[in-house]
Amino acid sequence: MRNAFILLHTNNYGIGFFKNIIAAFYSNKVNFENLNSEKLDQVFLDEVFDKDFDLEKFPFEKLYYLYPNQEAISVLTAIRLQKDKEEYKIDQLLQSTQTVQDWEKILFKIGGNQYQQELDAELDFINNKYFDRKELFLNQYARHIHYYEINDQIKWFKQYSNAKPFANKVDFIDLKKTYRISDLRDYKALADCIKTFLAEKIIAENFDNIIINLSLSSIENQVIWYVLSENNFLPKNVRFINCYDDKSNTHEKPRFRDIEIREAPLKLVSLIAENLYFTEPNNKSKTREIAEKQFKRYINDGFSILFLGERGTGKTRLAKKNSRIDKDKFIVANAASFGDGINAELELFGYEKGMFTDGLQKGKEGLFQNANGGALFIDEIHALLKPIQQKLMTALQTDENGFYTFRKYGANIDIPVKFNFMCASNKEIHELRKLLLPDFFDRIAQNIIVMPSLNDTAEDRIKHWGIVWNEKSFNNKIPDSKEFTKWLKEIELPGNFRDLERIAIWANNFLEFKKDEKLAKEMQLSDLKTYVKTLYDEYIVSKENTTVHDFTTELSLKSMKKEYLYEMANWAKQTHGGFKKTSEYEKKVHNSSVSEKTLYNWYNRIDERK
């Protein structure tokens, strides 16, 4: 496998720490299957390359060490030099090898107090004074090489460190000479620099793994990496790591503390945003703005919330985005998947250990326990069978402190829990009342929010399109075709966000196919709008024009007849542009006398009586 490692130098740790991180990979203390490790002994890591070096075992094809000009970090260097004057005296390893006093002569050889950052001069001194112990001193340089000027650090690494065997794999890149970067606080210039570096050095190489070490770089640099990742400018095989030294063992190992390596999230901004109180900005639609404001008001009351609206209107999305509830405690379930009575009860409430054999014998926590301290959101609540509605209604009764209580299947002890209860349905209110027990409906519908369809909020279409595109984390930028955007604004989305998501996937596929000229020619790809519209007409429009009625024993035949006639009238209205035109069309084409009034009654579920 071809792997790459990228690091931006800072003087806090420097090239010695870089060497030890690479040693952790070489010694398999961390690997590409698991980038997390604790308490890595730096004394061990420092000595890893003292042994016979096996180039075939080396995990990286290429390493990139980006470093700024010395002037950019000189102030920090001066401050840390003062600290080093004291720390080297208490270094346990130097004490054990009886080299502390020798290092005092090496480091302070001029004027007694002046620290010299001139590696060549010090090495000449060692060669003349301690020739027989030269190797010992060269190895010990790793313990304070990070206090030296950058060029001296690189020289030591290439010529004198035990990392010499793989030094030719490291591409040392001077940011000032290569990319004219002298100010590490210039976000824009640094971002342009990194994007250029990626284009020139990384993207064309097709590495299998690209490890980027964030923790040793400046805050500005870390921000830029995260922004690039969030906006999909990085290759898909990039992974971030952070490295820390263990400050808890300061007295035990004052100079060489243990370190730990941790994989860091690529989408840090999205990860943080998931747990923040979030509102989609700039809602032009009043109905969607009202729905969001209602939710923010209701979520603090502690009463149940019922979302009504067409499928895919973003009911769960709105609840997740606008609550402060941690994502691990926001439990979403679909009532249609619960199955029969016993399975639904096990899903909701769990069961005691020993109640079942085989794989179920260990017991299980149900949705009520999992949601404790957060929220429980049950979609398609209308699919619950009535015996389960009764059990759930009992469990949703609160005590004086606002706690729900329930029992696991097979238990005789009540368990108290507290969470926000929310549910959703794509049925209309009068349909829902027929499907649910009256008391159960009252319990779950203490607050009601009606979600508008995306077709009723067309003014927010492009905003919603941008949100969906970013959520998919595609490598491609959002399409900017004017014809495609115009078409997107005008089309019907019967599946709402679900259709918008499918369109986004198709659009991204088109952009990927176009990168392969041969494939694009074989597929006869022309423009984005034509490609996506063809799929839209075939898989969305054609499906919606075929009405499939859900028959169920929960409704009487008379009620189902009303629903069937309603769907037929609704289809006719959408197809012909109104009931009058439908009646005229039926008479002219089929010689059928269906009056405008009849169609109106079907649409409004009104019984026709003579």
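When you read off a place in the sequence shown, starting at 1, and then add 19, the result is the number in my numbering. From the three backbone atoms N, C-alpha and C, an ideal C-beta is built for every residue, glycine too.
Item, Value
"Classify Val560: buried if its beta carbon has 16 or more other beta carbons within 10 angstroms, exposed otherwise.", "exposed"
"Following the continuous alpha helix (DSSP H) through Leu233, name the residue where it begins and the one where it ends.", "It is not in any alpha helix (DSSP H) - Leu233 carries neither H nor E in the DSSP assignment."
"For Phe79, name the three-state secondary structure that DSSP assigns.", "coil"
"With distances taken Cα to Cα, identify the nearest neighbour of Glu509 among Thr476, Asn494 and Phe529.", "Thr476"
"Please report the straight-line C-alpha distance between Leu59 and Tyr45, rounded to a whole angstrom.", "13 Å"
"Below 7 Å CB to CB, which residues in the same chain sit around Glu511 once its five sequence neighbours on both sides are set aside?", "Asn474"
"For Lys346, name the three-state secondary structure that DSSP assigns.", "helix"
"In the stretch 412-478, which residue ranges form an unbroken alpha helix (DSSP H) of at least 4 residues, counting only runs that do not cross its ends?", "448-454 and 457-463"
"Between Asp418 and the rest of its own chain, which residues show a CB-CB distance below 8 Å, the 5 nearest in sequence each way excluded?", "Thr424 and Pro435"
"In or out: Lys629 buried (at least 16 other Cβ within 10 Å) or exposed?", "Per-residue confidence for Lys629 stands at a pLDDT of 43, beneath the threshold of 50, marking its modelled position as unreliable; no derived number is given."
"With a CB to CB cut of under 8 Å and the five nearest residues on each side skipped, what residues in its chain are close to Phe460?", "Leu451 and Arg452"
"My output table needs one value for Asn22: the three-state DSSP class, helix, strand or coil.", "strand"
"Could you tell me the alpha carbon to alpha carbon distance between Lys599 and Lys552, rounded to whole angstroms?", "31 Å"
"What did DSSP end up calling Phe326 once you bin it into helix, strand or coil?", "strand"
"Assess contact between the stretch 479-488 and the stretch 435-446, defined as three or more Cβ pairs (one per stretch) separated by less than 8 Å. Is contact present?", "no"
"Assuming Lys577 is part of the alpha helix (DSSP H), what are its boundary residues?", "Leu576 to His595"
"Between Asn181, Ala161, Glu219 and Tyr555, which has its C-alpha nearest Ala523's C-alpha?", "Tyr555"
"For the alpha helix (DSSP H) containing Leu194, list its first residue and its last residue.", "Leu194 to Tyr198"
"Beta-carbon separation of Pro513 and Glu329 under 9 Å?", "yes"
"Going along the chain, which unbroken runs of the beta strand (DSSP E) with 3 or more residues stay wholly within the stretch 170-229?", "189-193"
"Tell me the DSSP secondary structure of Ala539 in three-state form.", "helix"
"So, at 7 Å on beta carbons, what are the nonlocal neighbours of Lys334 in its own chain, with the 5 sequence-adjacent residues on each side left out?", "Phe326, Gly328, Ala443 and Met470"
"Which term fits Val189, buried or exposed, when burial requires 16 or more other beta carbons within 10 angstroms of its beta carbon?", "buried"
"What residues are listed by DSSP as bridge partners for Arg258?", "Ile230"
"According to DSSP, is Leu530 part of a helix, a strand, or is it coil?", "helix"
"Output the distance between the C-alpha atoms of Tyr245 and Gln89, rounded to the nearest integer angstrom.", "25 Å"
"Could you check the C-alpha separation between Phe150 and Gln159 for me, to the nearest Å?", "15 Å"
"Give the DSSP-derived three-state secondary structure of Arg624 in the structure shown.", "coil"
"When the distance is taken between beta carbons, is Phe176 closer than 9 Å to Ile34?", "yes"
"Roughly how many whole angstroms lie between the Cα atoms of Asp171 and Leu85?", "15 Å"
"In whole angstroms, what is the alpha-carbon distance linking Lys606 and Ser578?", "28 Å"
"So Ile324 and Asn466 are in contact, right, with Cβ under 8 Å, and what is the actual spacing, rounded?", "5 Å"
"Under the three-state reduction of DSSP, which class applies to Arg276: helix, strand or coil?", "coil"
"If Ala338 and Ile397 are in contact, beta carbons under 8 Å, what's the gap, nearest whole angstrom?", "So it is not a contact: roughly 11 Å between Cβ atoms."
"Exposed or buried, what is Ser602 when buried is set at 16 or more other beta-carbons lying within 10 Å of its beta-carbon?", "buried"
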